[in-house]
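Here the structure is laid out as structure tokens; the discussion comes afterwards.
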């Protein structure tokens, strides 16, 4: 294995320029969720040039397989997401987005180009491992219901079925050249809450003749926090936040209704369902007790993301072999959401972080911002590491 390790590391370094070129192309041509048509064609072209056949899935997704010796022995899947965000880029770089109002601000251009780099490496060494590596280039991570859920529905985890799946994501808080792992629960579920609180509007000087939806909505927002603090197991992280409160009244006008929007995050599917049910009952009950009503709508998002402990520990140990112990760190729980979580509820999974930060170069801005960028040295690391992890997992009987 030591000779194969060295070979993968050398190939990763030799092909880094191609990975960076691919990333810059994708960054220049971002496409929104479920509209990754040009990206799909580009990915297919790159894989076909390597002699890797492809099939389309989930409308704009791509599946490809690299077969080593004895291809039916074991299957491992690798996933990259491809969609961009509705953000106007402010970076002044040669590869700046050419699509107004659309930007790769979450690193999916990095994920896609990195997996293409991994494919180049694996195709070069496929006579040196046994089993099959399944590549999933997935659309629409950024938009519900999530491209991962559609990929699964359309059979991405079947024919053949992988025993495990790996995914990586850029990390703007981790220095370039380092990666991070966490076993067990890692990222939260995310559901969107839409409440319409209805009352009876009127003159602000005559509240006795009104049913004030602003007052009702205020009670609902405050009371719902007690569900988090008093009904939830304190050992389970959870967040309830409201970011939108619209009351189209005036200084002397009580409106007929108020609209509230928020997000509910959880790390346990049973608590997620229970918490949502309690919120709905509480909101409707408070509104009714105050003479109004509340329409409570939940847009179900992604489940919580759980990294299989055994698989993740193996991948962390393999990463230490590839990168050195000082360059592999432990991650904390993160209450953001990611649709890779869908895969983790169907197959053993490991979702890890690829460092992209460089303070000396001023590359410090977070994802989902108009000036997000990465230190492209990350593309010297990501492709080879993922190839090594996949082969290591295949080597286990």
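Residue numbers (the UniProt record's numbering): 1 to 397.
Note that CB positions come from ideal geometry on N, CA and C, so glycine has one too.
Would you kindly check if the distance between the Cβ of residue j and the Cβ of residue i is under 7 Å?
i: residue 204; j: residue 212; result: no
i: residue 189; j: residue 303; result: yes
i: residue 329; j: residue 178; result: yes
i: residue 108; j: residue 83; result: yes
i: residue 261; j: residue 244; result: yes
i: residue 118; j: residue 378; result: no
i: residue 307; j: residue 186; result: yes
i: residue 373; j: residue 363; result: yes
i: residue 343; j: residue 181; result: no
i: residue 201; j: residue 255; result: yes
i: residue 141; j: residue 339; result: yes
i: residue 172; j: residue 23; result: no
i: residue 401; j: residue 121; result: For the chain, the structure presents residues 1 to 397; residue 401 sits outside this window and is missing.
i: residue 124; j: residue 11; result: yes
i: residue 322; j: residue 385; result: yes
i: residue 79; j: residue 157; result: no
i: residue 85; j: residue 192; result: no
i: residue 46; j: residue 60; result: no
i: residue 355; j: residue 176; result: yes
i: residue 263; j: residue 241; result: yes
i: residue 305; j: residue 341; result: yes
i: residue 324; j: residue 144; result: no
i: residue 96; j: residue 196; result: no
i: residue 265; j: residue 335; result: yes
Among the options, which one has its Cα closest to the Cα of residue i?
i: residue 76; options: 206, 167, 207; result: 167
i: residue 14; options: 388, 383, 394; result: 383
i: residue 161; options: 63, 357, 206, 307; result: 63
i: residue 217; options: 110, 125, 294; result: 294
i: residue 72; options: 274, 134, 335; result: 134
i: residue 311; options: 297, 396, 270; result: 396
i: residue 292; options: 34, 153, 376, 210; result: 210
i: residue 94; options: 25, 169, 5, 242; result: 25
i: residue 159; options: 81, 147, 74; result: 74
i: residue 331; options: 184, 98, 151, 57; result: 184
i: residue 42; options: 116, 326, 2, 88; result: 116
i: residue 221; options: 170, 57, 285; result: 285
i: residue 398; options: 57, 112, 88, 206; result: With the chain covering only 1 through 397, there is no way to say anything about residue 398.
i: residue 359; options: 163, 174, 269, 81; result: 174
Got a sec, what are the start and stop residues for the alpha helix (DSSP H) residue i sits in?
i: residue 404; result: Nothing about residue 404 can be read from this structure; the chain reaches only from 1 to 397.
i: residue 214; result: 213 to 226
i: residue 24; result: 16 to 28
i: residue 40; result: 37 to 49
i: residue 153; result: 147 to 153
i: residue 342; result: 341 to 344
Helix, strand or coil for residue i? Go by DSSP, reduced to three states.
i: residue 352; result: strand
i: residue 165; result: strand
i: residue 111; result: helix
i: residue 184; result: strand
i: residue 90; result: coil
i: residue 103; result: strand
i: residue 384; result: helix
i: residue 250; result: strand
i: residue 390; result: helix
i: residue 157; result: coil
i: residue 360; result: coil
i: residue 176; result: coil
i: residue 331; result: coil
i: residue 144; result: coil
i: residue 84; result: strand
i: residue 202; result: strand
i: residue 170; result: strand
Terminal residues of the continuous beta strand (DSSP E) containing residue i?
i: residue 295; result: 293 to 302
i: residue 137; result: 132 to 138
i: residue 196; result: 189 to 198
i: residue 241; result: 238 to 246
i: residue 65; result: 61 to 67
i: residue 305; result: 305 to 307
i: residue 258; result: 257 to 266
i: residue 396; result: Premise fails: residue 396 is in no beta strand (DSSP E) and is neither H nor E.
i: residue 81; result: 75 to 81
i: residue 56; result: 54 to 57
Would you say residue i faces chain B, with C-beta separation under 7 Å as the test?
i: residue 272; result: The structure shown contains no chain B; it holds only a single protein chain.
With a cut-off of 8 Å, do at least 3 Cβ pairs link the stretch 125 to 134 to the stretch 56 to 73?
-> Yes, the stretch 125 to 134 is in contact with the stretch 56 to 73.
Do the stretch 336 to 350 and the stretch 272 to 282 touch if we need at least three Cβ pairs shorter than 8 Å?
-> In this structure the stretch 336 to 350 does not lie against the stretch 272 to 282, because fewer than three pairs of beta carbons, one per stretch, are closer than 8 Å.
The stretch 222 to 237 in contact with the stretch 310 to 324 per 3-pair CB rule at 8 Å | No: fewer than three Cβ pairs fall under 8 Å.
Would you be able to state if there are at least three C-beta pairs under 8 Å between the stretch 20 to 38 and the stretch 89 to 106?
-> Segment contact: the stretch 89 to 106 against the stretch 20 to 38, three or more CB-CB distances shorter than 8 Å; contact assigned.
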